[in-house]
Every structure is written in structure tokens, then in C-alpha cells.
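J.: To start, I am sharing the structure in question, which I have written as C-alpha cells.
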Amino acid sequence: MNDTASDPTPVAVEQAERDGAVVVRLAGEIDAAPERDPRDRVLALLARQPRALVLDLRRVTFFGSQGVALVVDALRAAVRGGTRFAVVADSRCVLRPLEITDVARAVDLHATPEAALRAVTGPVGATTARDCPR
Numbered sequence: 001m002n003d004t005a006s007d008p009t010p011v012a013v014e015q016a017e018r019d020g021a022v023v024v025r026l027a028g029e030i031d032a033a034p035e036r037d038p039r040d041r042v043l044a045l046l047a048r049q050p051r052a053l054v055l056d057l058r059r060v061t062f063f064g065s066q067g068v069a070l071v072v073d074a075l076r077a078a079v080r081g082g083t084r085f086a087v088v089a090d091s092r093c094v095l096r097p098l099e100i101t102d103v104a105r106a107v108d109l110h111a112t113p114e115a116a117l118r119a120v121t122g123p124v125g126a127t128t129a130r131d132c133p134r
């Protein structure tokens with residue numbers, strides 16, 4: 001029996017530094033744990049205690065409970081390490097699970113990477129409501 005049709009699409013993880021912040025871009029389906037778990041990659045970056053980290057989820061096509069857990073765990077690690085943390089999301093498939101679980105209220109959520117970068121690299125409290133996709 002061939003199970004390849006039920007295999008999850010691997011999650012692509014890209015990392016870059018921009019404006020003094022680490023930017024992590026995820027793409028694909030975040031649900032069942034793939035071979036290279038994106039959660040482990042994000043938490044390993046946060047363990048280095050960067051000044052700021054932006055998690056860009058605009059290219060995520062499915063966002064299940066594993067995705068919500070990834071954001072919650074990343075937020076906790078960022079708070080523990082003193083890292084300013086923001087999430088970029090602009091699609092219903094990502095925003096809706098974050099809203100339903102109230103995680104959207106806990107994270108610094110933005111519709112664009114530029115807004116998220118301004119929030120994490122600018123003065124504390126510089127985020128404005130118009131930057132958020134709610």
C-alpha cells in the first residue's frame with residue numbers, strides 16, 4: 001500500500017537577518033511533524049537569544065494545532081530569553097486558528113514583514129493597531 005498521498009508536505013524553513021532581527025520564513029503545511037520539525041529550528045534560534053525574531057507565516061498553506069503550538073512555544077522562549085518577537089500572517093488559514101485559540105491576542109501580530117520589523121527593532125511600544133491584520 002502506498003501512503004505517499006497522506007504524507008504531509010515538508011515545511012520549508014528560510015532564515016535571514018534583516019534590520020538587526022532574525023527573520024524566519026516558513027512555507028508549506030504545519031500540522032503533523034515533518035522530518036525537520038520547524039518548531040525545533042525556531043526554538044534553537046531563540047535559544048541563542050537574538051535581540052529580535054520575526055516569524056513570517058505568509059507562505060503557510062495549512063496551519064493546524066502544531067502551528068499554534070509552534071507560535072506559543074516560540075513566544076514563551078522569546079519572553080524567557082528577552083527576545084522581541086513578532087509574527088507575520090495575512091491568510092485566513094493561519095489567522096483563524098490563532099484567533100480561535102486567543103493566541104492572536106498574546107503575540108505581536110502583523111500583516112507585513114516591514115511592520116513586524118518596525119515593531120521588534122523600534123522603540124518598545126512602537127506598534128500601532130493599523131500594523132495588525134485584525
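Residue 1 is where the sequence shown starts when you use UniProt numbering, and the numbers rise one by one after that. C-beta: ideal position from N, C-alpha, C; glycine also.
1) Which word fits Arg18, buried or exposed, when buried means at least 16 other C-beta atoms lie within 10 angstroms of its C-beta?
2) Which residues does DSSP list as the beta-bridge partners of Val22?
3) Between Val103 and Val60, is the Cβ-Cβ spacing less than 9 angstroms?
4) State the Cα-Cα distance for the pair Thr127 and Cys93, rounded to the nearest angstrom.
5) Is the separation between the beta-carbon of Thr121 and that of Ala52 shorter than 9 angstroms?
6) What residue from Ala106, Ala74 and Arg39 has the CA that sits closest to Ala12's CA?
7) Alpha carbon to alpha carbon, how far is Pro50 from Ala27? Give it in angstroms, no decimals.
8) Measure the beta-carbon distance from Asp108 to Val87 and round it to whole angstroms, keeping in mind my assumption that it falls under 8 angstroms.
9) By the DSSP assignment, the beta strand (DSSP E) with Ala86 in it spans what residues?
10) How about Pro97 and Gly64: are their beta carbons less than 9 angstroms apart?
11) Assuming Leu45 and Val71 are in contact, meaning their beta carbons sit under 8 angstroms apart, how far apart are those beta carbons, in whole angstroms?
12) Are the beta-carbon atoms of Phe62 and Glu29 separated by less than 9 angstroms?
13) Let's test the definition: count the other Cβ atoms within 10 Å of the Cβ of Ala119 and tell me whether it reaches 16, buried, or not, exposed.
T.: Working from what's here:
1) Under this definition Arg18 is an exposed residue.
2) According to DSSP, Val22 bridges with Glu17 and Leu53.
3) If you check the CB distance, Val103 and Val60 do not come in under 9 angstroms.
4) Confidence at Thr127 is low in this model, with a pLDDT of 44, below 50, so the placement of that residue is unreliable and no value is reported for it.
5) Yes; because the gap between Cβ atoms is below 9 angstroms, this pair is in contact.
6) Out of Ala106, Ala74 and Arg39, Arg39 has the C-alpha closest to the C-alpha of Ala12.
7) In this model, Ala27 and Pro50 are separated by some 22 angstroms (Cα to Cα).
8) Asp108 to Val87, Cβ: 7 angstroms. Contact.
9) It spans Arg84 to Val88 - the beta strand (DSSP E) in which Ala86 sits, taken as one unbroken run.
10) Yes. Within cutoff.
11) 14 angstroms between Cβ atoms; not a contact.
12) Judged by beta-carbon spacing, Glu29 lies within the 9 angstroms limit of Phe62, meaning their Cβ atoms are closer than that value.
13) Flag for Ala119 reads buried.
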